[in-house]
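Trainee: If you scroll down you'll find the structure; I have some questions about it.
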Amino acid sequence: GRPGSGWAAREARRDRSAGGGAPPDPPGDMLCTASENLPWANIARLLLFQKTPEIYSVELSGTEDVGKTDTGDGKEKYRGLKDKRLELKKNHQKEELKKEVDLEDHKLSIKELERKYGTNIVTGLSSTQAAELLARNGPNALTPPKETPEIVKFPQADGAILCWIAYGIQYFNDKSSSLDSVYLGCVLALVVILTGIFAYYQEAKSTNIMASFSKMIPQQALVIRDSEKKTVPAEQLVVGDIVEIKGGDKIPADIRLLSTQGCKVDNSSLTGNLTPSLRTHDNPLEAENPWNKMSTSPVGTATGMVINTGDRTIIGQIASLASGVGHEKTPIAIEIEHFVHIVAGVAVSIGILFFIIAVSMKYYVLDSIIFLIGIIVANVPEGLLATVTVTLSLTAKRMAKKNCLVKNLEAVETLGSTSIICSDKTGTLTQNRMTVAHLWFDNQIFVADTSEDHSNQVFDQSSGTWASLSKIITLCNRAEFRPGQESVPIMKKVVVGDASETALLKFSEVILGDVMEIRKRNRKVAEIPFNSTNKFQLSIHETDDPSDKRFLMVMKGAPERVLEKCSTIMVNGQEQPLDDSTAEAFHTAYMELGGLGERVLGFCHLYLPADKFPETYSFDVDTVNFPTSNLCFVGLLSMIDPPRSTVPDAVTKCRSAGIKVIMVTGDHPITAKAIAKSVGIISANSETVEDIAKRLNIPVEQVSKRDAKAAVVTGMELKDMSPEQLDELLTDYSEIVFARTSPQQKLIIVEGCQRQDAVVAVTGDGVNDSPALKKADIGIAMGIAGSDAAKNAADMVLLDDNFASIVTGVEEGRLIFDNLKKTIAYTLTKNIAELCPFLIYIIAGLPLPIGTITILFIDLGTDIIPSIALAYEKAESDIMNRKPRHKKKDRLVNAPLAIYSYLHIGLMQALGAFVVYFTVYAQEGFRPSALINLRVEWEKDSVNDLEDSYGQEWTQYQRKYLEWTGYTAFFVGIMIQQIADLIIRKTRRNSIFQQGLFRNKVIWVGIASQIIIALILSYGLGSVSALNFTMLRPQYWFVAVPHAILIWVYDEVRKLFIRLYPGSWWDKNMYY
Amino acid sequence: MRRQLRSRRAPAFPYGYRYRLDDQDEVNQNYLADEEEEAEEEARVMVVHDLEEEEEEEEKEEEEEEEEEGQGQPTSNALWQKLQIVNEHLWDPEKRMSLARTGQSWSLILVIYFFFYASLAAVITLCMYTLFLTISPYMPTFTERVKPPGVMIRPFAHSLNFNFNVSEPDTWQHYVISLNGFLQGYNDSLQEEMNVDCPPGQYFIQDGNEDEDKKACQFKRSFLKNCSGLEDPTFGYSTGQPCILLKMNRIVGFRPELGDPVKVSCKVQRGDENDIRSINYYPESASFDLRYYPYYGKLTHVNYTSPLVAMHFTDVVKNQAVPVQCQLKGKGIINDVINDRFVGHSQMDT
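Line by line, the protein sequences give chains A and B.
Take the first sequence: its position 810, counted from the start at 1, is 810 in the UniProt record's numbering, and no numbers get skipped.
Take the second sequence: its position 220, counted from the start at 1, is 220 in the UniProt record's numbering, and no numbers get skipped.
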């Protein structure tokens, strides 16, 4: 996060005299100067860079050098970390880091630099040199974190090999053996390959989204080569190139400045928000050179020499460091692994069991192996990986529409199981711009509208004091709109100036109209800009009243400083002497506004008497030949970065969804607490220990910690805490705000939360947040304000930086979890119906009811679209009103789900399919009694006169054809019942009729696809012998329909009892 | 799937910080792994135990497997602890619970499943009963799968190659035994006793109720003349003139179309026509007489005797494979089905 003042702009200004003085800077901002005519000597003094890289190493590698290298505050902050990590520290790595970052470059003279890099600052590198270097060092681009695509391995892979081996042995024994196992092997191999390709494709697609999204490297860079200015793609920059940078460019690589012209650079994404406030401009750490790759928005122009490219840049190193932080396995990955364990466990144990049974029943080992394969194939839901991936990516798409860009598909669900959100303040909870929140004049506090468009300013504007105050606000302000934005709404216009002045400018523009015009009418004659010593800003203007020849002096600044200079105060447009009571009123108001966490400014003015200061008077700001005391105090104005209007609602929703929202900010505790209160992170009726102490007027130590629900913890307190204390803190308080934290501490907080078995979401935008983002179960980066490193480390990007989008994400995530449950239940059910035939075949010796290839056609053909269709199912109840699932208790696949799918619906399905099978055989002449133990004769190639129940004799081929008809019949039986299964899986608790049979249209698309695929397989491909389908008599399609209806009725009864007797034995065992 | 969903932890760990995080990670992962395995164990066991009612053996198997695992690494302390946990899960003496259920809970489950499966069984019985109601015991509902009729050759052999050496009885003795056995049912005395002698050249149609017993026509062994084994008990194998019998598969209600009997004709499939030189057919018409049709099914047509055609290869080229193809010829007989060697024709190599 970043402080409200926005970007920590560092400044390297070459020409100090221009404009008559330094511009006002927000306190945290930094100012550096370099002389124009002596580029090197001056820069060298200022550009002590050697510490900077170690700061990064501190923040990201957490090794011992933290304490040594950082200064002041920072040193203390990191001490806690240092101790813990001391023993784990690896010296050589620290050295490696140091070695990689060239510490010397800024110290060298230009001549030495030229020598070192073999370049010339005037002519640049030659093209050949550049090409050579490019070839040697690689392009100037960050290596994306590698994710080696692993080939998906399912038991089929082994199955395929087993099949081929089986065929090999068969072939060896009997040259004419059938090709069935070869086909099967091919199909299995194909399945493995296709699923692999599919997964890889999905992965690649989401990577592509990210790639198109990434703006990490500027497209072009202006470089001097062969004494010519050339535009080359930034990827082709090499060390030693001389680059020119214009305002608005991104720095393409780490460069060492050679000369600058009014150039400012924003490094905030690199340093995080805390750093600027720690630094002062006389601190040598504030070295301005070199500039780092990815720093943005320079103003002015500069020339520099590239000293590091690609992964060797500071940013590249941070990126690789961040990728070194272990990423937790996503909850859905854990769940699916768990599910795979269950399925594999069932498949393998049943497979081996029946292998043993088969062998002990004197089957050939080879046959037994083929049974084993059949059992495993029947048990493994081949289509599930594709289904899950598609389901997740559908949700990801849906979320992208709602401004949540999901980088990692699995993260879609993670947000749903999130139980703690560690939210950044600036930009996420707030609008990320200073806005006038309160005014105080006429002894009264007025509230200004802080909504996104300022449309509704309701305070009393009739008072004479307001007239004066508005004039000061307008005139004592150096910020200006960037020209050419006439059509842009005021709040969206781009302003040149710092955050506070921008706020004031927009505020006055909204209320008074054309500020520029007002300023023109009140010509500015002199000005003292803001600086941190004076803490005020002053300007002198002519008035716009032609009859009034006096000059108007206006001043704004820190309220106490401004008040010191005043002797009168304006009340209701009248000047009154400033007595103790008014001073008291001022202090009360000041404290109150300050207590709201707002930045308060005081305003005063003075009409300079026309006799002493005639029109021709020449004001000199250096000697201050005008009075700066005995002014007239006009009012106070306070500003804050206001919360987004959608946030309080979103926080409430998170609350009711059982998600704890923790604010982690680098900002001041008071501001943090104020924002937390206004968005509901600290709810209206809860108090912190300090609040209670204040209310009861007792020391903080005497307050019972149990009474306080909320806590505001600063980074200073946090660093003294042991992990146990932190755990205690996190469990004891439901509303926690961490203020003044470093990004490092963010990591500690995340770890603390994870120790409580919580699924933690972290929002962040700075480069230094990236370790925490990676560490979190789900890292959420800001799309607008976020740095690319943060976006890279995150699993999800909020395109609108809006906290409310997270809530949408949570909702979608929970829905997808529920729907995945349904999908899996649907998919698992038919496994039993596919498995039973094999078991019966082995035990009772029936002709095989369904072939392995046919099973694959169910798993990968008819069942795919319906199971995806379940992803479109609407929630059964308000999913945002229940607690987040416990990641170790609420499993995706739990015992009731498996048991109900396998032993209830699955078994019913199997029986239904068997009825179809028996019907076909019986009508063709084989009654069920004749089928038992028929297997051996049935499968003998040489038996060509096998008698059926009617005494008819069947040849081997006729039997085979009948067997395939049986396969088709069994397949159709399962398919018909899977339609019923699909419909019952729409809900887990509600009746189908409550949910609406036709609300989810995709389900019907799924059902239609199921039927159409089955029709094509039977009637279209019935003549392809390798597929083992035949044209089935139309009436057989309806044999399983009563069973399908039975399944539906049974499930309705189950749901009815669950609804009638919540918490009962039935509910516990039958609700999945 | 499992690989694919594995953690996305990046491989590179260049700097010191990793050690802390990583160690913790590993602890986490181990913990997770334990947790998962346990859960899996539980789930699997749950499933298995519920399967119990049907497949009790399976559970035993499961337990055996577990025990085997345990014996594999008895020294490992962690494993021992795990086993204890599993054991406690299987039977917790304190709470008197097995698999996290009390005896009462288990009996409730058993009762409920008993009723559930009993009613499922009832449903299936009902279905099968309805099925049988729709099926006639005398006449199959559909016969198109078994048509056209296939042919079968005797002597029965696992392959269709007849290889024998006249001077070595061992090489052809089994053919003779097979043929003798097969022809026992065709003995003249038996046929005369059981079956009627019906007029040749016309269908032996027996009207009347479906469930009436039907009479069967005689097919006497002596019809086969030289191949009957009556005169030459070696069916010509001892003289290098082998007999091979052709039998057409029975199909309920099958009648050769248009009243023409189905004829058998054998010829050399590939190669020299003269390799066979001459074949004698018995009965001399080389056909299956119409009087043997139609067949009324095994329930009522108990003594039905399938007609035969014997082929006597009297002068086959020796020491050379002769592919012979015998085809049935008649209306309604398809004899060129590629997939099936036994529909309508039969091949043999002598």
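All C-beta atoms in this analysis are idealised placements derived from N, C-alpha and C, irrespective of residue type, glycine included.
Are there 16 or more other CB atoms within 10 angstroms of the CB of Phe918/A, so buried, or fewer, so exposed?
Mentor: buried
Trainee: Taking the beta strand (DSSP E) that Thr568/A falls in, what are its first and last residues?
Mentor: 566-571
Trainee: Measure the alpha-carbon distance for Asn685/A versus Ala711/A and round it to whole angstroms.
Mentor: 13 Å
Trainee: Residues of chain A with CB closer than 9 Å to the CB of Asn209/B, please, in chain order.
Mentor: What Asn209/B touches in chain A: nothing, since even the nearest Cβ is about 17 Å away.
Trainee: Is the CB of Tyr1071/A under 8 Å away from at least one CB in chain B?
Mentor: no
Trainee: My guess is that Arg989/A and Tyr1071/A are in contact by the Cβ rule of under 8 Å, so how many angstroms apart are they, rounded?
Mentor: 7 Å
Trainee: Which residues, in chain order, does the region 186-206 of chain B contribute to contact with chain A at a C-beta distance below 7 Å?
Mentor: none
Trainee: Any chance the region 839-853 of chain A sits against the region 357-373 of chain A, with 3 or more Cβ pairs inside 8 Å?
Mentor: yes
Trainee: Which value, in whole angstroms, describes the spacing of the CA atoms of Phe603/A and Phe613/A?
Mentor: 22 Å
Trainee: Thinking just about the alpha-carbon of each residue, which of Ser722/A, Lys694/A, Asp667/A is nearest to the one in Lys741/A?
Mentor: Note that residue 741/A is Thr in the sequence shown here, rather than Lys. Closest option to Thr741/A, Cα to Cα, is Asp667/A.
Trainee: Considering Tyr282/B, what are the terminal residues of the beta strand (DSSP E) in which it resides?
Mentor: Start and end: 279-282.
Trainee: Mind pulling the chain B residues with CB within less than 9 Å of Glu953/A?
Mentor: Val146, Pro149, Gly150, Met152, Lys247, Met248, Asn249, Arg250, Ile251, Ser306
Trainee: By the criterion of Cβ-Cβ separation under 7 Å, what are the contact partners of Gly297/B in chain A?
Mentor: Tyr950, Gly951
Trainee: Thr623/A to Thr428/A, Cα distance in whole Å?
Mentor: 46 Å
Trainee: So, at 7 Å on beta carbons, what are the nonlocal neighbours of Trp1048/A in its own chain, with the 5 sequence-adjacent residues on each side left out?
Mentor: Ala980, Ile983, Ile984
Trainee: Report the option in Tyr138/B, Glu193/B, Lys82/B, Pro199/B whose CA atom is closest to the CA atom of Ile251/B.
Mentor: Tyr138/B
Trainee: Inspect the CB distances between the region 195-215 of chain B and the region 166-173 of chain B and report whether three or more fall short of 8 Å.
Mentor: The region 195-215 of chain B makes no contact with the region 166-173 of chain B, as fewer than three CB pairs between them are under 8 Å.
Trainee: Looking at C-beta atoms only, is the number of pairs between the region 564-583 of chain A and the region 639-648 of chain A that lie closer than 8 Å three or more?
Mentor: no
Trainee: My understanding is that Val243/A touches Leu222/A, with C-beta atoms under 8 Å, so please give their C-beta distance in whole angstroms.
Mentor: Contact holds; Cβ gap of about 6 Å.
Trainee: In chain order, what residues of the same chain lie with their CB nearer than 7 Å to the CB of Ile675/A, ignoring the 5 residues before and after it?
Mentor: Lys425, Leu429, Thr430, Gly597, Pro643
Trainee: Measure the alpha-carbon distance for Glu963/A versus Thr854/A and round it to whole angstroms.
Mentor: 12 Å
Trainee: What does a CB cutoff of less than 8 Å around Arg291/B pick up in its chain, not counting 5 residues either side in sequence?
Mentor: Cys198, Pro199, Pro200, Gly201, Gln202, Tyr203, Phe204, Cys217
Trainee: List, in chain order, every chain B residue whose beta-carbon is nearer than 8 Å to that of Val915/A.
Mentor: Ile124, Cys127, Met128, Leu131
Trainee: Decide yes or no for the touch test of the region 963-973 of chain A against the region 1020-1036 of chain A: beta carbon pairs closer than 8 Å, at least 3 of them.
Mentor: yes
Trainee: Please decide whether Thr309/A counts as near chain B, where near means a Cβ-Cβ distance under 8 Å.
Mentor: For Thr309/A, the answer is no, since every Cβ of chain B falls outside 8 Å of its Cβ.
Trainee: Skipping 5 residues on each side, what residues in its chain have a beta carbon closer than 7 Å to that of Asp211/B?
Mentor: Cβ within range, chain order: Tyr138, Thr300.
Trainee: Check each candidate in Pro140/B, Phe223/B, Val146/B, Gln173/B and name the one with the smallest Cα separation from Pro155/B.
Mentor: For the residues Pro140/B, Phe223/B, Val146/B, Gln173/B, the minimum Cα distance to Pro155/B belongs to Gln173/B.
Trainee: By a C-beta neighbour count over all protein chains shown, 10 Å radius and 16 as the cutoff for buried, is Gln977/A buried or exposed?
Mentor: buried
Trainee: Taking DSSP as the reference, what is the three-state secondary structure of Arg10/A?
Mentor: Low local confidence applies: a pLDDT of 35 at Arg10/A is under 50, so the model's placement there is unreliable, with the coordinate-based value given in what follows. Arg10/A falls in the strand class under three-state DSSP.
Trainee: What residue ranges within the region 784-855 of chain A form continuous beta strand (DSSP E) runs of no fewer than 3 residues, ordered along the chain?
Mentor: 796-798
Trainee: Can you tell me whether Arg433/A is buried or exposed, with buried defined as 16 or more other CB within 10 angstroms of its CB?
Mentor: buried
Trainee: Just to confirm, are Ile495/A and Leu505/A a CB contact at a threshold of 8 Å?
Mentor: In the sequence as displayed, the identity of residue 495/A is Val instead of Ile. Result yes, Cβ atoms of Val495/A and Leu505/A sit closer than 8 Å.
Trainee: Below 8 Å on the Cβ atoms is my contact criterion, and I expect Phe507/A with Ile472/A to pass it. Report the Cβ-Cβ distance as a whole number of Å.
Mentor: Their Cβ separation, rounded to whole angstroms, is 12 Å, which puts Phe507/A and Ile472/A out of contact at 8 Å.
Trainee: Kindly provide the ranges of any beta strand (DSSP E) runs that are 3 or more residues long and lie completely inside the region 350-421 of chain A, ordered along the chain.
Mentor: For the region 350-421 of chain A, whole beta strand (DSSP E) runs of length 3 or above, ordered along the chain, are 404-406.
Trainee: With a Cβ-Cβ cutoff of 8 Å, do Leu125/A and Gly240/A count as a contact?
Mentor: yes
Trainee: Ends of the alpha helix (DSSP H) at Phe132/B?
Mentor: 103-133
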